[in-house]
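Counted from 1, the sequence shown has number 81 at position 81 by our numbering; the numbering is strictly sequential. Backbone N, C-alpha and C define an ideal beta-carbon position, used for all residues, glycine too.
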Amino acid sequence: MSRRSRSRRRGGFTLLEVLLVVGIIALLAAFVVPSFMGTQRRAEVQIAQTMVDDGGHVASQLRIFRLHMGRLPEELKELVEKPSDEDDAAKWGGPYLESLDKLKDPWGSELQYKCPGDTNEDSYDLWSIGPDRQDGTDDDIANFKKG
Numbered sequence: 001m002s003r004r005s006r007s008r009r010r011g012g013f014t015l016l017e018v019l020l021v022v023g024i025i026a027l028l029a030a031f032v033v034p035s036f037m038g039t040q041r042r043a044e045v046q047i048a049q050t051m052v053d054d055g056g057h058v059a060s061q062l063r064i065f066r067l068h069m070g071r072l073p074e075e076l077k078e079l080v081e082k083p084s085d086e087d088d089a090a091k092w093g094g095p096y097l098e099s100l101d102k103l104k105d106p107w108g109s110e111l112q113y114k115c116p117g118d119t120n121e122d123s124y125d126l127w128s129i130g131p132d133r134q135d136g137t138d139d140d141i142a143n144f145k146k147g
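So this is what it looks like as structure tokens:
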């Protein structure tokens, strides 16, 4: 009987084999996850840069607004909300954007807008406060060069 039980060895993995596989997976994850996070951050920065660039969607809607109204908006919400002033309401051809959510950067913060701009005095400054969500820091992304 003892000879028979030896020949019917149970199938499965030893503890050492399982630990080895778990260790290899953890090692691979240690290299892959940081690489993915860096790629995601670069993509988010690129999306924000596209949003504020002069050739971006918001900038093109600002130009159309200026064509209709004869001026740039004082606030970005004017791209979405019809003016209460009758003269402005008659000229307004919007909404120029579907919603105010279109004016949020990849980190969920509203785009910042100043017209006339401090840097672009003849037009406007448009910027994202960046991944740290603090205005005036090095990671801000703008339609102007900081210096």
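Consult DSSP for residue i and reduce its assignment to one of helix, strand or coil.
i	result
residue 53	coil
residue 110	strand
residue 123	coil
residue 104	strand
residue 141	strand
residue 60	helix
Could you tell me the distance, in whole angstroms, from the CA atom of residue i to the CA atom of residue j?
i	j	result
residue 47	residue 105	8 Å
residue 64	residue 34	42 Å
residue 97	residue 44	21 Å
residue 118	residue 145	11 Å
residue 69	residue 62	10 Å
residue 134	residue 142	13 Å
residue 77	residue 26	48 Å
residue 12	residue 20	14 Å
residue 42	residue 49	10 Å
residue 80	residue 94	7 Å
residue 55	residue 108	22 Å
residue 120	residue 88	25 Å
I want to check one thing, is the minimum distance from the CB of residue i to the heavy atoms of the ligand ZN below 7 Å?
i	result
residue 97	No copy of the ligand ZN occurs in the structure displayed, which carries no ligand at all.
Give a yes or no on whether the C-beta atoms belonging to residue i and residue j are separated by under 8 Å.
i	j	result
residue 113	residue 100	no
residue 103	residue 52	no
residue 140	residue 130	yes
Which stretch, first to last residue, makes up the alpha helix (DSSP H) that contains residue i?
i	result
residue 87	86-91
State buried or exposed for residue i, treating a residue as buried only when at least 16 other CB atoms are found within 10 Å of its CB.
i	result
residue 73	buried
residue 128	buried
residue 67	exposed
residue 111	buried
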